[in-house]
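Novice:
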Amino acid sequence: MSEDKLNKNDYSPKLEITRRGFLSLIGLGFLGVIGSLVLQGFSAVRSIIPNVLYEPPKKFKVGPPSRFSEGATFLPERLFIINNNNEFHAISAICTHLGCTVNLAQYSPPKTYISRRTGKTVDETFEFHCPCHGSKYRENGNVYAGPAPLPLPWYELSLAPDGQIVVNTDKIVDHNFRLKL
Amino acid sequence: MIEKLRKLKKQLTWTYVPETEREASDAVVRNFVLHWFPSKVTSKSLSFLYTLELGTISILLFAILLITGVLLMFMYVPSVGQAYWGVKDIEYVVSFGPFIRGIHRIAASLMVAVVFLHMMRVFLTGAYKKGGKAIGSFRPLNWWIGLTLLLVTMLLSYTGYLLPWDQLAVWAVTIGMNIAKSAPFIGEKIAFLLRGGTIIDQNTLLRWYVAHVVLLPLFGVILIVWHMWRIRKDGGLGSVESLAEERIVKDKIVQKGKTYSLMGIVTGATPAIISHNVQGDTYFSSPQLTRRILIVFTISAVILLGIAFIYKAPLEAPASMIIPPNPAKAPWYFLWLQELVADTTIRIGSFTISGGFVGGILVPGVLILAAVLWPFLDKSGPEAIGVWFHKNRRLQNTVFILTVLVIIALIFVGSDMRGPYWKLYMPWQTWPKTPTKF
Ligand code: FES
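Line by line, the protein sequences give chains Z and S.
Its first residue numbered -13, the first sequence is counted upward by one per residue in the working numbering.
Its first residue numbered 5, the second sequence is counted upward by one per residue in the working numbering.
#1: If you run the structure through DSSP and keep just helix, strand and coil, what is Q92 (chain Z)?
#2: Are at least three pairs of beta-carbons, each pair with one atom in the region 87 to 96 of chain S and one in the region 367 to 379 of chain S, less than 8 Å apart?
#3: Could you pull the DSSP bridge partners for K45 (chain Z) from this structure?
#4: Beta carbon of V153 (chain Z), beta carbon of L65 (chain Z): below 8 Å?
#5: How about E84 (chain Z): is its Cβ closer than 7 Å to a heavy atom in the ligand FES?
#6: Is the beta carbon of A79 (chain Z) less than 8 Å from the beta carbon of F60 (chain Z)?
#7: Measure the alpha-carbon distance for D148 (chain Z) versus L428 (chain S) and round it to whole angstroms.
#8: Check whether the Cβ of H119 (chain Z) lies closer than 7 Å to any heavy atom of the ligand FES, and answer yes or no.
#9: So does G132 (chain Z) have its beta carbon nearer than 7 Å to some heavy atom of the ligand FES?
#10: Pick out whichever of Z:V129, Z:P133, Z:K45 has its Cα sitting closest to the Cα of E142 (chain Z).
#11: Report all residues from its chain with a CB closer than 7 Å to the CB of S304 (chain S); omit the five preceding and five following residues, and keep chain order.
#12: Please name the residue, chosen from S:I190, S:S83, S:E27, S:W426, that lies closest to I365 (chain S) on a Cα-to-Cα basis.
#13: Go to N69 (chain Z), then tell me how far its alpha helix (DSSP H) extends in each direction, as first and last residue.
#14: If you pair each beta-carbon of the region 175 to 186 of chain S with each one of the region 97 to 115 of chain S, do three or more pairs fall below 8 Å?
#15: Within 8 Å (strictly less), CB to CB, does H161 (chain Z) reach chain S?
#16: If you reduce the DSSP assignment to three classes, tell me which class K316 (chain S) lands in.
#17: Taking just the CA atoms, how far does D30 (chain S) sit from F36 (chain S)?
#18: Across the region 115 to 123 of chain S and the region 195 to 212 of chain S, are there enough close Cβ pairs to call them in contact, namely three or more that are closer than 8 Å?
#19: Apart from the five residues just before and just after V156 (chain S), which ones in its own chain have a Cβ nearer than 7 Å to its Cβ?
#20: List the residues of chain S whose Cβ lies closer than 8 Å to the Cβ of E110 (chain Z), in chain order.
#21: Chain Z beta carbons: is any one of them nearer than 8 Å to that of M77 (chain S)?
#22: Comparing C-alpha positions only, which one of S:V282, S:L298, S:M421, S:T349 sits nearest to L339 (chain S)?
#23: Under the rule that 16 or more other beta-carbon atoms within 10 Å means buried, what is W48 (chain S), buried or exposed?
#24: Just how far apart, CA to CA, sit F313 (chain S) and W378 (chain S)?
#25: According to DSSP, is S265 (chain S) part of a helix, a strand, or is it coil?
#26: Please list the segments of the alpha helix (DSSP H) lying wholly inside the region 89 to 141 of chain S, counting only runs of 4 or more residues, in order along the chain.
#27: Here's a check: name, in chain order, each residue in its chain whose Cβ is nearer than 8 Å to the Cβ of P431 (chain S), leaving out the five neighbours to either side.
#28: Quick check on I158 (chain Z) - is its C-beta less than 8 Å from some C-beta in chain S?
#29: Three-state secondary structure (DSSP) at L167 (chain S)?
#30: Please list, in chain order, all residues of the same chain as P50 (chain Z) whose beta carbon is under 8 Å from its beta carbon, the five residues on each side excluded.
#31: Under 7 Å from any heavy atom of the ligand FES, does the C-beta of A346 (chain S) make it?
#32: Since V88 (chain Z) and H119 (chain Z) are thought to touch, with beta carbons under 8 Å apart, how far apart are those beta carbons, to the nearest angstrom?
#33: Grab the span of the beta strand (DSSP E) containing R351 (chain S) for me, first residue to last.
#34: Using a C-beta to C-beta distance shorter than 7 Å, which residues of chain S count as neighbours of P62 (chain Z)?
#35: By the three-class DSSP mapping on this structure, what secondary structure does T4 (chain Z) have?
#36: Check distances from the C-beta atoms of the region 21 to 51 of chain Z to those of chain S and list, in chain order, the residues that come in under 9 Å.
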């Protein structure tokens, strides 16, 4: 930089500002403040919505079919595997009312009831009872008493190459589903 | 020697004795602790029977909760693996641990009760009504702050309830999250945010811990400060308005018609005009009000300590998602909601609305909305501000009390008449296996 430029006293004309310029500057500054607040608020909220979850998988092996004797078996993953003459299906143990774990109620001799839909008599060896607000579910997961709004969902089952049964709790299947061996 | 002691005593104690009225009111303004009191209060505001001191007691309880809470934070780790054992340690190996936890727990329960009673007091005295005479007076605002404080208090209790990560905790949070989930459209998103994932786990505990020890108390402190400041802004307690009204009628005081308006920012009469009406009925805050508050503080603190000596804070078995307690009951102040969610599933043909939505969101939502809108629905005039059971508010007071009675009845049914599988038992029947009562 040359000497004369350094010594030159040239700051005053640049600072002159018109009223319009001043107002629009204030407007811009105001926008900036609002914008940064919105951005910070958004990032604060967004940051607490997790992007990664370290949760147990939704699809897992539960062991060979021989592990499950005739009837319903409870698994700590909160589901029942039901073995009916070597045909398997899985019912969730999570009450559809407010999420308590339902208990297995076994009946021997079987309990008989008349189906409301078909009018036929049905024999049941077990039922599911919720301890929290007393919802009661039939063998197939349908609600017949208590506040639960929906039947217990059935999960998809498949067979892994190593012969173990695989449950996928992300896939809900209908009541015709059976895993035949 | 004696001279020296006397001098020392003088240095250590507050010996200030105001000589004039001016000095006395100055003292309030100048003193750091006292400056948030008004310099003068009316006899009616001082009356124990008007306020029942419920607000003062809730602030004391809040302070005690902050202190014991910080102490407990030294011994508690918010991790799924350690939380329960930390609390167990507090109960069995920490010196005075059970005592500190007991105070914290009982003060929390009492605070929910006292804050609720305080709200009842404000409703029944009509102290939330608009139409006050002081500048900037708008009592409904303080009613709303108070409602928020009630919700904050309940949330603080709920979040605190989860921290021990015992059976009660996880099932309370399970039920709570499922209620949140049953909200239409956004329910699942909110539940996800509150759980910090799709299942109840470490993320959930940490979230609720932060809410319990940082967010909610901070929010609470800010609201309390605002709440207290609003009382001054509204020209004092509601009873001041009724006192002023009374004076105008009885002593035939001509109310100054003068209205100050400060550049269009504020309108209405000044607070000075109100206090002008009630002159001769006012006392200096120091010592009249301060003395009363000290007495209330001392008595409530003694009672609280007394209860904490005999009361033992419960701790259930460690959390297990596999076996819920039978039945899993919410803390008492949520038990009426639990009773509602258990009874309100609506079935119309094949169409079902979950009780979680009706009892957990719809009913409380309607109640809160009604409370928020009430200052506008209340058509009684300003003469009903600050008077217990004013005759113009008979109907609303009755409805309010009935609602409260229904809630209390539901709490009773939930806590004392619900056995395993949420079966109904009459009070004289015994349960097969008694679950813990709260
Ligand atoms: S959670 Fe099962 S009945 Fe309420």
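Built from N, CA and C at the ideal position, the CB exists for glycine as well.
For clarity, every value in this text was computed on a predicted model and none was experimentally measured.
Specialist: To lay it out plainly:
#1: strand
#2: no
#3: Z:N154
#4: yes
#5: The sequence as given places Leu at residue 84 (chain Z); Glu does not occur at that position. Yes, the ligand FES has a heavy atom inside 7 Å of this Cβ.
#6: yes
#7: 50 Å
#8: yes
#9: yes
#10: Z:K45
#11: I61, L64
#12: S:I190
#13: That residue, N69 (chain Z), is in no alpha helix (DSSP H); its beta strand (DSSP E) goes 65 to 70.
#14: no
#15: no
#16: coil
#17: 12 Å
#18: no
#19: L220, F223, G224, L227
#20: By Cβ distance, chain S contributes nothing, its closest Cβ being about 18 Å from E110 (chain Z), past 8 Å.
#21: no
#22: S:M421
#23: Note that residue 48 (chain S) is Lys in the sequence shown, not Trp. The residue in question, K48 (chain S), is buried, as its Cβ has 16 or more Cβ neighbours within 10 Å.
#24: 41 Å
#25: Model confidence at S265 (chain S) stands at a pLDDT of 48, short of 50, so the residue's coordinates are unreliable and nothing is read from them.
#26: 101 to 128
#27: D420, M421
#28: no
#29: coil
#30: G149, Q150, I151
#31: yes
#32: About 11 Å; that fails the 8 Å criterion.
#33: 350 to 352
#34: I326
#35: coil
#36: V31, I34, I35, P36, L39, Y40, E41, P42, K44
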